[in-house]
Amino acid sequence: MAINLGKGGNVNLSKEAPNLENVLIGLGWDARATDGQDFDLDASLFMVKEDGKVPGDTYFIFYNQKTSPEGSVEHTGDNLTGEGEGDDESVKVTLSKVPAEIQRLVIVVTIHDAEARKQNFGQVSNAFVRIVNRDNNQEVVRFDLSEDYSTETAMIFGEIYRHSGDWKFKAVGQGYAGGLHALALQHGVNVG
Amino acid sequence: MNLTRGQRAKIADLVPGGQSLILGVAAEAPGLVIDFACFGLDAQGKLSDERYMTFFNQPTTPCGGVRLETPPGDTTGFAIDLGKLPATIERLTITAALDGAGTMSQISRGHIRFMGASGEVARFAFTGADFASERALMLLEIYRKDGIWRTCALGQGFNGGLDALVKHFGGTVAEAAPEPPKSAPPKPPAPPVNLSKITLEKRGNSVSLDKKSGGGHGEILINLNWTMRAGAVKKGFFGGTQSNAIDLDLGCLFELRDGTKSVVQALGNTFGNFFGPPYIMLDADDRTGTRSEGENLRINGKHWDEIKRVLVFAFIYEGTPNWAEANALINLKTPDQPEIEVRLDSQNNSLPMCAIALLENDGGSVRITKLVDYYRAHPDVDRAYHWGLEWVRGRK
Numbered sequence: 001m002a003i004n005l006g007k008g009g010n011v012n013l014s015k016e017a018p019n020l021e022n023v024l025i026g027l028g029w030d031a032r033a034t035d036g037q038d039f040d041l042d043a044s045l046f047m048v049k050e051d052g053k054v055p056g057d058t059y060f061i062f063y064n065q066k067t068s069p070e071g072s073v074e075h076t077g078d079n080l081t082g083e084g085e086g087d088d089e090s091v092k093v094t095l096s097k098v099p100a101e102i103q104r105l106v107i108v109v110t111i112h113d114a115e116a117r118k119q120n121f122g123q124v125s126n127a128f129v130r131i132v133n134r135d136n137n138q139e140v141v142r143f144d145l146s147e148d149y150s151t152e153t154a155m156i157f158g159e160i161y162r163h164s165g166d167w168k169f170k171a172v173g174q175g176y177a178g179g180l181h182a183l184a185l186q187h188g189v190n191v192g
Numbered sequence: 193m194n195l196t197r198g199q200r201a202k203i204a205d206l207v208p209g210g211q212s213l214i215l216g217v218a219a220e221a222p223g224l225v226i227d228f229a230c231f232g233l234d235a236q237g238k239l240s241d242e243r244y245m246t247f248f249n250q251p252t253t254p255c256g257g258v259r260l261e262t263p264p265g266d267t268t269g270f271a272i273d274l275g276k277l278p279a280t281i282e283r284l285t286i287t288a289a290l291d292g293a294g295t296m297s298q299i300s301r302g303h304i305r306f307m308g309a310s311g312e313v314a315r316f317a318f319t320g321a322d323f324a325s326e327r328a329l330m331l332l333e334i335y336r337k338d339g340i341w342r343t344c345a346l347g348q349g350f351n352g353g354l355d356a357l358v359k360h361f362g363g364t365v366a367e368a369a370p371e372p373p374k375s376a377p378p379k380p381p382a383p384p385v386n387l388s389k390i391t392l393e394k395r396g397n398s399v400s401l402d403k404k405s406g407g408g409h410g411e412i413l414i415n416l417n418w419t420m421r422a423g424a425v426k427k428g429f430f431g432g433t434q435s436n437a438i439d440l441d442l443g444c445l446f447e448l449r450d451g452t453k454s455v456v457q458a459l460g461n462t463f464g465n466f467f468g469p470p471y472i473m474l475d476a477d478d479r480t481g482t483r484s485e486g487e488n489l490r491i492n493g494k495h496w497d498e499i500k501r502v503l504v505f506a507f508i509y510e511g512t513p514n515w516a517e518a519n520a521l522i523n524l525k526t527p528d529q530p531e532i533e534v535r536l537d538s539q540n541n542s543l544p545m546c547a548i549a550l551l552e553n554d555g556g557s558v559r560i561t562k563l564v565d566y567y568r569a570h571p572d573v574d575r576a577y578h579w580g581l582e583w584v585r586g587r588k
């Protein structure tokens, strides 16, 4: 049973799903049925230290850099249209392999080229982002992007963070102006 | 509240009670003919019951949950009572489709707005810059999700126009309308019961609509309706026209305060402009007389001060002049005023043109005089009323 978290809500992943080890972040949406430019949503993840910055650019996992150096985070690939059932993009995390210096995994969802294409989440049908326990395929948390973030073009979904030896998840659900570029800068990535 | 494209909201957050509302639709699009409709769709987004498509030929759903109703100042509109809709209807999509050439990028401006009991509560405004080559649009949706009615300002569409829209809703498009079955011509309907209407019975009768405090008159709606009606059948949204139909066109001559004089009519595609001069717009060309609401000429009463006089006429474009059979009726509506009816009686069947009524600016008031004179053509009407235009032949 998925938990529908409000903005800023917390859930203890270790307690909600004991022995949580393999996590999947799934992003799904419907391909555009009308004429016009495709809706290209992207899921990305920043592996940050205590100070909120990445240790290096290789800890920014996105469509052009699909795995972290030690292999704990893996992006399964870029979907440009939303074609297909279920999760259209996913990021897999093996929590036990996350380096000790990484305190938080910040998960973001953005619309590629949203400004030029004049798009927002509300124009996209059935857009969602969720966290799934891959060991039993249980959905832990889900956000409805189309309904609840209709006027946004980018959002910080949430953070998986260390707390007293457990992994917790905090639902942030905060819209963000400026897209992936601004988000990367904020998390210490050297963006060209 | 202004809704941006893509924006979603719960109906209850927009309209108190969240049950009954009116959607007002307007589009200023010179040269375009836009047909609006409301599709009532099932859980799969399909039109599984055609009776739930609400448009000019089918003005209400069987349940009464959606019916045509135009708020003052809008082009068209839909009165919606969500509580009356059956459980099978999960979604109402308001659409716009072009009839004839053009693309939606030619819209200069338009809106769809939510009207509650106390007036406008939310508005989705759009312009042609929001579109490219679309010829049909889904403007706005009202849909049920997890038992809660919501809305989305969609503003997306199809380059393929109405056909693509209908396919999207699971329909098929007929290649050609079949020949209507032959049947005896129905009798002309009995004259309607007159409810708080003023009927101008005799030629030369006139009535004055006093200017209300605050200035302006709101929208003056002039409706022409007629029964033509040999073997009339309901025309489908994409059905053919009838061979024996009378095509009765509504139009007007106008003269503005600044001396500008011209004509608003379907002939020559001079449909006018509601928001700019001449502040008069023709919004539908009914080729068959089967549109339930006929043809409408709208005068923007806010700018009545800039208008000197308007001569409303009807013209039989195709078909033998037969006013008796056409049984035409003109109806003038202004907000908060009794309706005024002018029946096209004292028919002269050999002449195709009828000067119906003259609207004059009488110190800010609208003075309406019944004419019902018949003429051979536009120039004759012009001469009779000293308008002073030059006339050339034109076609639609």
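If you read the protein sequences in the order shown, they are chains A and B. Heads up: the first sequence is residues 1 to 192, going by this note's numbering. Heads up: the second sequence is residues 193 to 588, going by this note's numbering. Even for Gly, the Cβ is constructed at its ideal location relative to N, Cα and C.
How big is the Cα-Cα spacing for residue i and residue j?
| i | j | result |
| --- | --- | --- |
| ILE522(B) | PRO208(B) | 37 Å |
| TRP583(B) | VAL455(B) | 10 Å |
| THR280(B) | LEU274(B) | 12 Å |
| THR252(B) | ILE334(B) | 17 Å |
| ARG490(B) | ALA31(A) | 41 Å |
| VAL385(B) | GLY257(B) | Bear in mind that a pLDDT of 34 at VAL385(B), under 50, signals an unreliable position, so the number given afterwards is only what the model happens to contain. Between VAL385(B) and GLY257(B), the C-alpha separation is close to 26 Å. |
| GLU282(B) | GLU517(B) | 43 Å |
| ASP148(A) | ARG200(B) | 8 Å |
| TRP515(B) | ILE548(B) | 13 Å |
| GLY294(B) | GLU326(B) | 9 Å |
| PRO513(B) | SER542(B) | 6 Å |
| LEU27(A) | THR110(A) | 10 Å |
| PRO378(B) | LYS500(B) | Since pLDDT at PRO378(B) reaches only 48, below the 50 mark, its modelled position is unreliable, and the value read off the structure follows with that caveat. Cα to Cα, PRO378(B) sits roughly 42 Å from LYS500(B). |
| GLU261(B) | THR94(A) | 59 Å |
| PHE507(B) | GLY443(B) | 8 Å |
| ASN351(B) | SER300(B) | 18 Å |
| LEU459(B) | HIS303(B) | 27 Å |
| LEU239(B) | MET245(B) | 8 Å |
| GLN298(B) | LEU41(A) | 30 Å |
| ALA288(B) | PHE247(B) | 11 Å |
| TYR577(B) | TYR471(B) | 21 Å |
| ASP475(B) | ASP338(B) | 39 Å |
| VAL91(A) | GLY173(A) | 18 Å |
| ARG342(B) | ASP205(B) | 9 Å |
Ends of the alpha helix (DSSP H) at residue i?
| i | result |
| --- | --- |
| GLN186(A) | 179–186 |
| VAL358(B) | 353–360 |
| LEU80(A) | Note, LEU80(A): premise wrong, no alpha helix (DSSP H); not H, not E. |
| SER146(A) | 145–148 |
| ASP205(B) | 203–206 |
By a C-beta neighbour count over all protein chains shown, 10 Å radius and 16 as the cutoff for buried, is residue i buried or exposed?
| i | result |
| --- | --- |
| GLN119(A) | buried |
| VAL217(B) | buried |
| THR153(A) | buried |
| ARG449(B) | exposed |
| PRO99(A) | exposed |
| MET307(B) | buried |
| THR267(B) | buried |
| LEU185(A) | exposed |
| GLN37(A) | exposed |
| GLY292(B) | exposed |
| LYS562(B) | buried |
| THR67(A) | exposed |
| GLY84(A) | exposed |
| ILE412(B) | buried |
| ALA116(A) | exposed |
| ARG321(B) | Per the sequence shown, the amino acid found at residue 321(B) is Ala instead of Arg. Exposed, by the Cβ-count rule. |
| MET473(B) | buried |
| PRO263(B) | buried |
Which stretch, first to last residue, makes up the beta strand (DSSP E) that contains residue i?
| i | result |
| --- | --- |
| LEU260(B) | 258–260 |
| ALA229(B) | 226–233 |
| SER454(B) | 453–456 |
| ILE327(B) | According to the sequence displayed, residue 327(B) carries Arg and not Ile. Note, ARG327(B): premise wrong, no beta strand (DSSP E); not H, not E. |
| ASP206(A) | The requested residue 206(A) is not part of the displayed model; chain A covers only 1 to 192. |
| ASP273(B) | 268–273 |
Identify every residue that forms a DSSP beta bridge with residue i.
| i | result |
| --- | --- |
| ASN22(A) | THR94(A) |
| THR110(A) | ASP42(A) and ALA154(A) |
| CYS255(B) | None; CYS255(B) has no bridge partner. |
| ASN194(B) | ARG315(B) |
| TRP341(B) | ARG336(B) |
Would you say residue i touches the ligand ZN, meaning its beta carbon is less than 7 Å from a heavy atom?
| i | result |
| --- | --- |
| LEU185(A) | As for the ligand ZN, it is missing from this structure, which has no ligand bound. |
What does residue i touch in chain D if you count any residue whose Cβ is under 9 Å from its own?
| i | result |
| --- | --- |
| GLY179(A) | No chain D appears in the structure shown, which is made up of the protein chains A and B. |
Those runs of the alpha helix (DSSP H) which lie wholly inside the segment 502–572 of chain B and span at least 4 residues: 515–518
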